[in-house]
Structures are given as structure tokens and as C-alpha cells.
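Here is the structure we will look at.
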Amino acid sequence: MQPVIEVQNLDLGYDDVMVMSNLNFSVNKGDIFIVMGVSGCGKSTLLKCMIGLLVPLRGKVLFNGPQAGHSQMFEKSFWDEEEQERQNMMRHFGVLYQSGALWSSLTVGENVALPLELYTKLSKQQIQEKVALKLSLVGMKGHEDSFPSEMSGGMCKRVSLARAIALDPDIIFFDEPSAGLDPINARKLDDLILELRDSLGATIVIVTHELPSIFAIGNNSVFLDAASKTMIATGDPKALLADSKDPRVIQFLTRGVKDEQKGK
Amino acid sequence: MSRIIWGSRIINKPSEKLEADYSISSQKARKSFFEEIGEKVLQIGKSLGRELDFLGDIAFSLGRLVTGKSFFRWDDFMLLVKRCGVDTLLLVSLISLLVGMILAFVASIQLKMFGAQIYISDIVGIAMVRVLSAVMTGIIVSGRIGASYAAELAMMQTNEEIDALKTLGVSPVEFLVVPRVLALVLMMPILTIYADFMGILGGFLISTMMFHLNPIEYLNHTQLSIKLSYLWIGLIHSFVFGVIIAVAGCLSGIECKRNAAGVGNATTSAVVNAITGLVIATAIITFICQVLGV
Chain A
1 MQPVIEVQNL
11 DLGYDDVMVM
21 SNLNFSVNKG
31 DIFIVMGVSG
41 CGKSTLLKCM
51 IGLLVPLRGK
61 VLFNGPQAGH
71 SQMFEKSFWD
81 EEEQERQNMM
91 RHFGVLYQSG
101 ALWSSLTVGE
111 NVALPLELYT
121 KLSKQQIQEK
131 VALKLSLVGM
141 KGHEDSFPSE
151 MSGGMCKRVS
161 LARAIALDPD
171 IIFFDEPSAG
181 LDPINARKLD
191 DLILELRDSL
201 GATIVIVTHE
211 LPSIFAIGNN
221 SVFLDAASKT
231 MIATGDPKAL
241 LADSKDPRVI
251 QFLTRGVKDE
261 QKGK
Chain B
265 MSRIIWGSRI
275 INKPSEKLEA
285 DYSISSQKAR
295 KSFFEEIGEK
305 VLQIGKSLGR
315 ELDFLGDIAF
325 SLGRLVTGKS
335 FFRWDDFMLL
345 VKRCGVDTLL
355 LVSLISLLVG
365 MILAFVASIQ
375 LKMFGAQIYI
385 SDIVGIAMVR
395 VLSAVMTGII
405 VSGRIGASYA
415 AELAMMQTNE
425 EIDALKTLGV
435 SPVEFLVVPR
445 VLALVLMMPI
455 LTIYADFMGI
465 LGGFLISTMM
475 FHLNPIEYLN
485 HTQLSIKLSY
495 LWIGLIHSFV
505 FGVIIAVAGC
515 LSGIECKRNA
525 AGVGNATTSA
535 VVNAITGLVI
545 ATAIITFICQ
555 VLGV
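Residue numbers (my numbering), protein chains in the order written: chain A, 1 to 264; chain B, 265 to 558.
Take a look at the structure:
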């Protein structure tokens, strides 16, 4: 299967502090790819690098996708491209941030409309129709005139998701999508992610440590280890749980239950 | 099913090479008083560099705006302009009126010894129009608008709203900073002219009601003493102050650290940097005017 994202020999860090090193993995088209690991291990740092917010210390992030007007696939190293080209590539991404990151001075409708105003030549009427469509996809139709401050965390995430899919992106990144949500809303969001993957044909990358979500929707993953500052496993999370011999992976995926059982 | 790889890249601790490459330092030694002062002094250079970079970004974005290449939301801009006026008008009125009154009182101390109290009008008029209105307005605007710019942008930074703009391919400078700078640059001269009138009114009230000067004579003297060039000097001050306050506020907000103290520090540094900038700019403009003989 054609990989959509390839991470090669990636080292990440801030100033003189290294967070992760020697990351190598690929994400295939249509995957729901989970970036997992304990809190503070560098999952969000990796995501920042993949979405263009953090320059890596070393290594490459390659994106593959159909080039407009060509049947051939193109392969581009994100951080080796010029600023303008990077911005063009970023238009194929949708990002759902941990906090929702809705622009607080804009209404829900304006939040979803902004990417369309920027990058399409649709009329105001067409934009409004598309905004309504995207909001209905996430179950938020009718909230166009509300401000983010008037909504709950779950509602903000849904609107943020509508904004992320406004331009029908090829890849959608999620940073801790279930954070701050109750189990029922977290499950609904998982279902929504699956629906979006199927309806948009998008590839999904999710940073999370929520085990129910990981097993419910993930079909590929990378496990980051805080102590060794690198990845220690990659593959289907369910297969990792069944076959992995690494105690750190098993401890994480079983919430340490196997360790406790051994102790008894 | 995807292939599984585990245990192939286990590194139990950062290798020596990596430590050498990136000089990991997790424990910072406690610094002495003088070390910290020295560090702060060294930071001034870096901070000036960042401010110049930021000014360059703003100039570049303005160029894109003028050539119609950037995205500009006029509704947001008009709201910002309105806020600059509404939020500061009462304070500017009060402070300028009082400064005019204080100047009249202070000037009268010497002038009444020579029976030359009518010259209070000259002192109040010239001082307010040339520099004081702009400085007082600048200080008020730094506290109200500069701090609010910093707090807003800092909150946006903390809530990842600025990251969301970047991943959309939108420059935060174009989208957030340029409208704020333009709003303040537009409103500062208007507020300064208003403050000129309020200051002159303050001096007029004290001179006519307490020192019993003839109102018509006072106004005539004021009119004669204020040259058009003084008004221009005041407007130049206000324009420069508008840029300084907006840049200090926006830069502090955008550079905010994402922790509990971040927003507070951003607003504090916005006000401190803006007021320091105002004083330095005033000194430079005054010196230039002196050299040019205006």
C-alpha cells in the first residue's frame, strides 16, 4: 500500500533539549494511525513537526499525494521545501487541536468559513452552504452564530473538526481528541472520526493515550518511549497487545494490569 | 494487517553522540544576583533583534496588504479602531485635562513673581501640543490597548489559536498584528489632537477661574504661541508611539509562554516595553527637533 507519510531518521527537540530521536515509520493511505506513549513522551512534539509548526533537528517528513493534474504520485520532504511550498502542502492537512483552538473572536460559522474564504473562490452563498454542510457532518448545524465561549468543550471540538475538514483535506491530524471529554462524548468522537475517514477517504493521524480510542479505531501506530527518547514499537495496536514482548509496550497497553497480575 | 516492529530501536538512555550534538542540560545551576543581571543585559541585544525581525515581518505584511496579496478582514479592523477610541477616550479626557491644570499651576509659581501669568497659556499650549499630549495619550493607550493586545494574543497563543492559523497557511502577523498596528496608528493622532484640546482646556480653566486671567486674552495668546510645526511634531510623536505600543503589545502576546504565568508576563512586558519605548522615542524626536531648529 502507498504510504502517505514517511518519517525518516527524525530527531526532535527544543533549543538544546532533545525530545525524541531516530524516528522511522510510515502512515498508509486510509490508515487511522495512532501516535501513543505516556504523558510527556513527545507525542505532541512529533505532531507539531508533522503539521509544520516545529523544525526537526534532523531527518525528514515525506508526504506523498496525487499531484494536481497528474496521475503520478509526488513525494516531497516537508522541511526541505520553500516556505511557499510548505504552505501549499499544509492546505492538504486538517488539524484538530487538543483545546479545539477555535478563533475566539469569530463565530462558529466564521471559524469554519475562514479556510474557504482564504483558499476557494466560492461565493458567500456557496460558503454558507458548505459551512452548514460541514457543521451538519459533525452534528453542529444551527450553531453558526454562536461564539466558542458559549459552547461546551465537546461542542468546540466538533466545530473545530468541521473547520479541519472544511477544505476536504487528504490528511487529518488529531491532538488528544478525547482529552477533556466524558466517555460517551469521547466514543461519539471516535465514531465521527471513523465516519470521516470513510466519507472523505482521508488518512487520520491521532496523538492520544486513551486506550479505548486506540483499540476502537486505530489500525496502525507508533509507540514513543519517554525514557529512551525514541520509538520502540510500530504496528496495529491490537496486534501489539497480542504479540509484543516489550514490557513497556505491554505495560502501557494493559494499563499495567499484567504487571499487577504477575506480582500477585 | 500492518507489520509489527518492536524492540528494534531500543535506546535505554540518550547516546553520548546525541548528548554532544544537542548538549542536553536538564539541571540549571542557581545563578547569583550579578549573573542574572549580566544575563538580562545580554538579553537586551537578542530582544532588540527580535523586535527588528518583527518590525520587518510587519513591513513585509503591509507590503502584501498594499499589493492586495494578503487577507484582511475589514470588519475586525473597524472593531479594533472603535475599541481604541471607546476604551481610552474617558481616560484621555481626564488625564489631559488634569495635566493641563497641573502645568498651569506649576507655571504660575514663577510667572506670577513677574506678573507674567498670561504666559501660562504659552507654556500649557506649547507643552501639550508639542509633546505632552502625545506622551500622556501614549501612556494611557499602552496601559489600555497595548496590554489588551498582549493579553488577547497571549491567550490565543495559549489556546493554540495562533498554531491553527499557521497550519492553515495564514501568517499570524498578517491576520492578527497588521490590523492592530493600523488601528492604533490611525487612532493615536486623533486621540492626541483631542488630548491637545483637553489639556489647553485644563490650563484655561485654572488660569481664568483661579488666576482671573481674561479668557479672550488667554485664548488669543494660546493661538499665537502654537505654530503649525508644533502640531506636526505632536502628530509625529503620536504616530511613532502608535507603532511602538502596537508592536510591543503584539510581540509580547505572540511570544507568550504557554504556562500559567505566561499571559501575566506578556501584559506586563507589553506595558513596560511600550513605556520605555515611548520615553526613548520622545528623547530622540526632541533631539532631532532641536538639531533641526523646529
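Ideal Cβ placement from N, Cα and C applies to all residues, glycine included.
These figures come from a predicted structure and were not determined experimentally.
Selection from A/Leu196, A/Thr254, A/Glu82, A/Ser178 that minimises the alpha carbon distance to A/Leu135: Position 135 of the first sequence, counted from the first residue, corresponds to residue 135 of chain A. Among A/Leu196, A/Thr254, A/Glu82, A/Ser178, the Cα nearest to that of A/Leu135 belongs to A/Leu196.
Between the CA atoms of A/Phe215 and A/Val205 - distance to the nearest angstrom: Locating residue 205 of chain A in the first sequence gives position 205, counting from the first residue. Locating residue 215 of chain A in the first sequence gives position 215, counting from the first residue. Computed Cα separation, rounded: 14 Å.
Beta-carbon contacts of A/Ser104 that lie in its chain and below 8 Å, excluding the five residues immediately before and after: On the first sequence, position 104 is the one that residue 104 of chain A refers to. Cβ within range, chain order: Phe147, Pro148, Ser149.
Beta carbon proximity, A/Gln2 to chain B, threshold 8 Å: Position 2 of the first sequence, counted from the start, is the residue given in the question as residue 2 of chain A. It does not: the Cβ of A/Gln2 has no partner Cβ on chain B nearer than 8 Å.
Three-state secondary structure (DSSP) of A/Glu6: Sequence index remark: in the first sequence, residue 6 of chain A carries index 6 (1-based). Three-state result, A/Glu6: strand.
The stretch 95–111 of chain A contacting the stretch 13–30 of chain A, beta-carbon criterion three pairs below 8 Å: no
DSSP-derived helix/strand/coil call for A/Gly94: In the first sequence, residue 94 of chain A corresponds to position 94, counting from 1. Secondary structure at A/Gly94: strand, using DSSP grouped into helix, strand and coil.
Closest by C-alpha distance to B/Glu425, when choosing among A/Ser99, A/Phe174, A/Ala132, A/Pro212: Taking the first residue of the second sequence as 1, we reach residue 425 of chain B at position 161. It is A/Ser99 whose Cα lies nearest to the Cα of B/Glu425.
Amino acids of chain B, ordered along the chain, whose beta-carbon sits closer than 7 Å to that of A/Ala101: Along the first sequence, read from residue 1 onward, the residue named residue 101 of chain A stands at position 101. Simply Asn423, Glu424, Glu425, Asp427, Ala428.
Segment limits, alpha helix (DSSP H) that includes B/Met392: Along the second sequence, read from residue 1 onward, the residue named residue 392 of chain B stands at position 128. In this chain, B/Met392 is not harboured by any alpha helix (DSSP H), its DSSP state being neither H nor E.
Any C-beta of chain D under 8 Å from that of B/Val434: This model lacks chain D altogether; the protein chains it does include are A and B.
Chain B contacts from the stretch 45–64 of chain A (Cβ-Cβ distance under 9 Å): Lys48, Ile51, Gly52, Leu53, Leu57, Arg58
Pairwise C-alpha distance: A/Ala239 and B/Lys521: Numbered from its first residue, the second sequence carries residue 521 of chain B at position 257. Numbered from its first residue, the first sequence carries residue 239 of chain A at position 239. Those two C-alpha atoms are separated by around 40 Å.
Own chain, CB closer than 7 Å to B/Ala398, minus 5 neighbours either side, in chain order: Taking the second sequence and counting its residues from 1, one reaches residue 398 of chain B at position 134. So the qualifying residues of the chain are Thr456, Gly498, His501, Ser502, Phe505.
Beta carbon proximity, B/Phe335 to chain A, threshold 8 Å: Sequence index remark: in the second sequence, residue 335 of chain B carries index 71 (1-based). Closer than 8 Å to some Cβ of chain A, the Cβ of B/Phe335 qualifies, so yes.
Distance, A/Arg58 Cα to B/Asp285 Cα: As a working mapping, residue 285 of chain B is identified with position 21 in the second sequence. As a working mapping, residue 58 of chain A is identified with position 58 in the first sequence. Residue placement at B/Asp285 is flagged as unreliable, the pLDDT there being 45, under the threshold of 50; a coordinate-derived value is accordingly withheld.
Best match in A/Ala162, A/Glu82, A/Lys157, A/Leu106 for proximity to A/Ala132 [C-alpha to C-alpha]: Counting from one through the first sequence, the residue named residue 132 of chain A turns up at place 132. Nearest C-alpha to A/Ala132: A/Ala162.
C-alpha gap between B/Leu354 and B/Val434, whole angstroms: For the purposes of this step, residue 354 of chain B is identified with residue 90 of the second sequence, where counting begins at 1. For the purposes of this step, residue 434 of chain B is identified with residue 170 of the second sequence, where counting begins at 1. One C-alpha to the other measures close to 36 Å.
Segment contact flag, the stretch 537–555 of chain B with the stretch 478–487 of chain B, C-beta cutoff 8 Å, min 3 pairs: no
B/His476 burial status per 10 Å Cβ neighbour count (16 or more: buried): Taking the first residue of the second sequence as 1, we reach residue 476 of chain B at position 212. Exposed is the call here.
Any C-beta of chain B under 8 Å from that of A/Lys14: Locating residue 14 of chain A in the first sequence gives position 14, counting from the first residue. Position check: residue 14 of chain A holds Tyr in this sequence, whereas Lys was assumed. Answer no: the Cβ-Cβ gap between A/Tyr14 and chain B never drops below 8 Å.
Integer-rounded CB distance, given that B/Ala510 should sit under 8 Å from B/Tyr413: Start at 1 with the first residue of the second sequence, and residue 413 of chain B comes out as number 149. Start at 1 with the first residue of the second sequence, and residue 510 of chain B comes out as number 246. Between B/Ala510 and B/Tyr413 the Cβ distance is about 7 Å, and since that is below 8 Å, they are a contact.
Under 8 Å by beta carbon: chain A residues contacting B/Thr331: Here residue 331 of chain B is taken as the residue at index 67 of the second sequence, counted from 1. Residues of chain A passing the Cβ test: none, with the nearest at roughly 16 Å.
Proximity to A/Asn64 [Cα-Cα], best of A/Ile34, A/Phe78, A/Thr230: Position 64 of the first sequence, counted from the start, is the residue given in the question as residue 64 of chain A. If we check each option's Cα against that of A/Asn64, A/Phe78 comes out closest.
Pair within 8 Å by beta-carbon distance, B/Gly517 and B/Ala415: In the second sequence, the residue the question calls residue 517 of chain B occupies position 253. In the second sequence, the residue the question calls residue 415 of chain B occupies position 151. Result yes, Cβ atoms of B/Gly517 and B/Ala415 sit closer than 8 Å.
Own chain, CB closer than 6 Å to A/Lys6, minus 5 neighbours either side, in chain order: For the purposes of this step, residue 6 of chain A is identified with residue 6 of the first sequence, where counting begins at 1. Correcting the residue identity first, residue 6 of chain A is Glu in this sequence and not Lys. Take A/Glu6, set aside five residues on each side of it, and the residues of its chain with a beta-carbon closer than 6 Å to its own are Ser26, Leu62, in chain order.
Own chain partners of B/Met392 with C-beta closer than 7 Å, once the 5 adjacent residues on each side are dropped: Along the second sequence, read from residue 1 onward, the residue named residue 392 of chain B stands at position 128. Excluding its 5 nearest sequence neighbours in each direction, B/Met392 has C-beta neighbours in its own chain below 7 Å: Gly364, Asp460, Gly463, Ile464, listed in chain order.
Test: B/Thr531 CB closer than 8 Å to a CB of chain A: Here residue 531 of chain B is taken as the residue at index 267 of the second sequence, counted from 1. Cβ-Cβ to chain A under 8 Å: no for B/Thr531.
A/Ser104: contacting residues in chain B (beta-carbon distance under 8 Å): Against the first sequence, residue 104 of chain A aligns to sequence position 104. In chain order: Met419, Met420, Asn423, Glu425.
Endpoints, the beta strand (DSSP E) within which A/Asn28 is located: As a first step, residue 28 of chain A is located in the first sequence; it is residue number 28 there, counting from the start. Where A/Asn28 is concerned, the enclosing beta strand (DSSP E) stretches over 17–28.
Distance CB(A/Asp190)-CB(A/Ser213) smaller than 8 Å: Taking the first sequence and counting its residues from 1, one reaches residue 190 of chain A at position 190. Taking the first sequence and counting its residues from 1, one reaches residue 213 of chain A at position 213. The answer is yes: Cβ separation under 8 Å.
B/Thr431: contacting residues in chain A (beta-carbon distance under 8 Å): Taking the second sequence and counting its residues from 1, the one referred to as residue 431 of chain B is at position 167. Here the neighbours are Ile51, Gly52, Leu53, Met90, Phe93, Val95.
Host beta strand (DSSP E) of A/Ser221 (start-end): Within the first sequence, the letter at position 221 stands for residue 221 of chain A. 220–225 is the span of the beta strand (DSSP E), which, as asked, contains A/Ser221.
Same chain only: Cβ atoms within 6 Å of A/Phe174, ignoring 5 sequence neighbours per side: Reading the first sequence from its first residue, position 174 is the one you call residue 174 of chain A. Counting only Cβ-Cβ distances below 6 Å, and skipping sequence neighbours, we find Leu96, Ile206.
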